[in-house]
Amino acid sequence: MHGRLPHALLFHRPARIGKLHLAQVLAQSLLCENRSERGLACGSCPACAWFVGGNHPDFRLVQPEALAPAQEETEAGEGGEEGKKKPSKQIKIEQIRALSDFLNVGSHRNGYRVVLIYPAESMNPGAANALLKSLEEPSSGVVFLLVSHQPSRLLATVRSRCHALALSLPPRELSLRWLQGQGSTVTPALLAFAGDAPLGAARLPDDEAQTRDRLFDLLSQPASSALGLADFCQRLPPVAVVNWMLKWTYDLIALSSSGKARYNIDRENTLSLLARGMPLLKLLRFYTALSSLKAICEHPLNPSLFLDDLFIAYKEIG
Ligand SMILES: [Zn+2]
610 MHGRLPHALL FHRPARIGKL HLAQVLAQSL LCENRSERGL ACGSCPACAW FVGGNHPDFR
670 LVQPEALAPA QEETEAGEGG EEGKKKPSKQ IKIEQIRALS DFLNVGSHRN GYRVVLIYPA
730 ESMNPGAANA LLKSLEEPSS GVVFLLVSHQ PSRLLATVRS RCHALALSLP PRELSLRWLQ
790 GQGSTVTPAL LAFAGDAPLG AARLPDDEAQ TRDRLFDLLS QPASSALGLA DFCQRLPPVA
850 VVNWMLKWTY DLIALSSSGK ARYNIDRENT LSLLARGMPL LKLLRFYTAL SSLKAICEHP
910 LNPSLFLDDL FIAYKEIG
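In terms of our numbering, the sequence shown opens at residue 610 and continues consecutively.
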């Protein structure tokens, strides 16, 4: 890396290609005391050992409690009810404030100090505003690495203070070779379904793929009723159903407009046939409705009604 490093980097888009991993590699490279000519960490100096061990004094990882490795239960007793609270999915203001000593005291090793925030959009407004102050008055030698799956949910002022790095997806062939090298049996169709994101494809559990296939078999049969589809999905997490339906509908839209499926490449013929009976505008409206369902589908008030409504709306398209 030549020239001055920006004091804040934002790794964003798309999901599941290894943004966090890349940010960690960069963090280790910044802290390594014996970097290679290409600027990569050596993996064997004391700094690398501390980094890998999770205790480099010049590194801080800020993430929601819910992502942190399980804490010991000892704190639970103190707050009674409070103690039983679920770990937070947000990064809180206290976590950002807790960085102030780290930011104001110099480096322990005369090198960079690195703060990795993951995922950055999980900062609540207080936390984001607190971070903004640090980004506006950067301490020298401090590098912030923000990793975000949804940069649009970041405070615009935070986003504008960061140098954004949009990562691009590797070509499908390359990902397949990489996955095979890792001993994975991911097929081209599965990789496409994961949006060509190799880590996403590798993480898709087999039984999940089978269930999804069965749902898509049902969707492929024009005779399947809305309630039959909803019934099949009863025992599935609504989030998964909405995500699968988004990809299914995306392909129906793609096939009615440009003629190529993006996610379900193994079902292109069926989807083409179905798309012929579905007006594009109605498909687009359904897709938009599905996207807005994403926000509430983690905890629908009435899951069975939620699914009935979803599939009735789907069936009304064609
Ligand atoms: Zn090293």
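Built from N, CA and C at the ideal position, the CB exists for glycine as well.
Under the criterion of a Cβ to heavy atom distance below 7 Å, does Glu646 qualify as lining ligand 1? Incorrect: Glu646 has no Cβ contact closer than 7 Å to ligand 1.
From Leu712, Glu646, Ala656, pick the residue whose C-alpha is nearest to that of Glu746; which is it? Considering only Leu712, Glu646, Ala656, the residue with the shortest C-alpha distance to Glu746 is Leu712.
Output needed for Leu933: all residues of its chain with C-beta closer than 6 Å, excluding positions within five of it in sequence on either side, in chain order. What is shown of the chain runs 610 to 927, which leaves residue 933 out entirely.
How about Leu741 and Leu764: are their beta carbons less than 8 Å apart? A contact, by the Cβ cut-off of 8 Å.
Using three-state DSSP, classify Val795 as helix, strand or coil. Coil at Val795, not helix or strand.
Can you name the start and end residues of the alpha helix (DSSP H) that Ile702 belongs to? Where Ile702 is concerned, the enclosing alpha helix (DSSP H) stretches over 702-706.
Rounded C-alpha distance that separates Gln633 from Gly735: Cα-Cα distance, rounded: 25 Å.
Does the distance from the C-beta atom of Ser638 to that of Leu631 stay below 8 Å? Not in contact: Ser638 and Leu631 (Cβ atoms no closer than 8 Å).
If you pair each beta-carbon of the stretch 695-705 with each one of the stretch 664-677, do three or more pairs fall below 8 Å? Under the 8 Å Cβ criterion, the stretch 695-705 counts as touching the stretch 664-677, having at least three qualifying pairs.
Grab the span of the beta strand (DSSP E) containing Val574 for me, first residue to last. In this structure the chain extends from 610 to 927, so residue 574 is not present and cannot be described.
If you measure between the beta carbons of Ser865 and Leu828, is that distance less than 8 Å? The answer is no: Cβ separation not under 8 Å.
Any idea what DSSP makes of Ile726, helix, strand or coil? The answer is strand: DSSP assigns Ile726 an E or B state.
Below 8 Å between beta carbons: does that hold for Ile921 and Ala835? One thing to note: Ile921 has its Cβ within 8 Å of the Cβ of Ala835.
Environment of Asp805 [buried if 16+ CB atoms lie within 10 Å]: Residue environment analysis places Asp805 among the buried positions, since at least 16 neighbouring C-beta atoms fall within 10 angstroms of its C-beta.
Nearest by alpha-carbon distance to Asn733: which of Val751, Val767, Arg718, Arg786 is it? For the residues Val751, Val767, Arg718, Arg786, the minimum Cα distance to Asn733 belongs to Val767.
Rounded to whole angstroms, what is the Cα-Cα separation between Val926 and Leu861? Here residue 926 is Ile; the residue named in the question, Val, does not match the sequence. Going from the Cα of Ile926 to the Cα of Leu861 covers about 11 Å.
Taking only heavy atoms of ligand 1 into account, decide whether any of them is closer than 7 Å to the Cβ of Ser653. Yes, Cβ of Ser653 sits closer than 7 Å to a heavy atom of ligand 1.
Chain-order list of residues whose beta-carbon lies under 8 Å from that of Phe895 (same chain, five-residue window excluded): Annotation for Phe895: Thr858, Ala922, Tyr923, Ile926 place their beta carbon closer than 8 Å to its own, counting only its chain and skipping 5 residues before and after.
Mind checking whether Val851 and Lys903 have CB atoms under 8 Å apart? The answer is yes: Cβ separation under 8 Å.
Start-to-end residues for the alpha helix (DSSP H) that takes in Ala632: In the DSSP assignment, Ala632 falls within the unbroken alpha helix (DSSP H) covering 628-640.
Taking the alpha carbon of His717 as the reference point, which residue from Cys641, Ala677, Arg876, Leu892 has its own alpha carbon closest? The option with the nearest alpha carbon to His717 is Cys641.
Should Ser737 be listed as close to ligand 1, given that the test is whether its C-beta is under 7 Å from any heavy atom? The residue asked about is misnamed: residue 737 is Ala in this sequence, not Ser. It does not: the Cβ of Ala737 is nowhere closer than 7 Å to a heavy atom of ligand 1.
Who are the near neighbours of Asp815 in its chain, counting only those whose CB is closer than 7 Å to its CB and skipping five residues on each side? Cβ neighbours of Asp815 beyond the five flanking positions: none.
Considering only heavy atoms of ligand 1, does any lie closer than 7 Å to the CB of Cys641? Because some heavy atom of ligand 1 lies under 7 Å away, the Cβ of Cys641 counts as near it: yes.
Considering only their Cβ atoms, is the gap separating Leu824 from Ala810 smaller than 8 Å? Judged by beta-carbon spacing, Leu824 lies beyond the 8 Å limit of Ala810, meaning their Cβ atoms are not closer than that value.
Assuming Phe660 and Val756 make a contact with CB atoms under 8 Å, what is their CB distance in whole Å? By a beta-carbon distance limit of 8 Å, Phe660 does not contact Val756. Their separation comes to about 16 Å.
When every heavy atom of ligand 1 is checked, does at least one fall within less than 7 Å of the C-beta of Cys842? Answer for Cys842: no, Cβ out of range of ligand 1.
If you draw a straight line from the C-alpha of Gln830 to the C-alpha of Pro760, how long is it? Approximately 38 Å, taken between the alpha carbons.
Which residue wins for smallest C-alpha separation from Ser793, given the options Phe753, Pro780, Leu813? Of the residues Phe753, Pro780, Leu813, the one whose Cα lies closest to the Cα of Ser793 is Leu813.
By the three-class DSSP mapping on this structure, what secondary structure does Ala617 have? Note: Ala617 maps to strand in three-state DSSP.
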